[in-house]
Amino acid sequence: MERNSLVRAAHLAVNSAIRDGKLIKQPCEVCAAIEDVQAHHDDYSKPLDVRWLCVYHHAQHHKQERMVKRNMQLLREACQ
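Going by our numbering, the first residue of the sequence shown is number 131, and it counts up by one from there.
As structure tokens, this is what we get:
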């Protein structure tokens, strides 16, 4: 399955599970906020295996992921 399709399917699965009461939003695992909490997928092939992060910490997590990927790319280029 294409990555974008996998991401969309995971988001739809979470939204459906929340709507149907099969998945209950939890407080942010970083700061315990209960408002504006979002589901974060570490692995989109496991759509209901999520971590709960507030909007701020969710954005910070993705920012850190992008920085790590960029640094790994720079290291690979430097070693060639």
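Even glycine gets a Cβ: it sits at the ideal position worked out from N, Cα and C.
The structure displayed is predicted, hence computed values, not measured ones.
Can you grab the Cα-Cα spacing for the pair residue i / residue j, in whole Å?
| i | j | result |
| --- | --- | --- |
| A169 | V180 | 6 Å |
| I148 | H191 | 22 Å |
| Q156 | W182 | 6 Å |
| S146 | I154 | 11 Å |
| E207 | E195 | 19 Å |
| E165 | K193 | 21 Å |
Do you know whose CA, among the options, lies nearest residue i's CA?
| i | options | result |
| --- | --- | --- |
| E159 | V167, K152, Q210 | V167 |
| D150 | E165, Y174, L178, L136 | L178 |
| A163 | Y186, N201, K199, R196 | Y186 |
Tell me residue i's beta-bridge partners as DSSP assigns them.
| i | result |
| --- | --- |
| Q203 | DSSP output for Q203 lists no bridge partner at all. |
| R83 | Within the shown structure, residues of the chain are numbered from 131 to 210, placing residue 83 beyond reach of any answer. |
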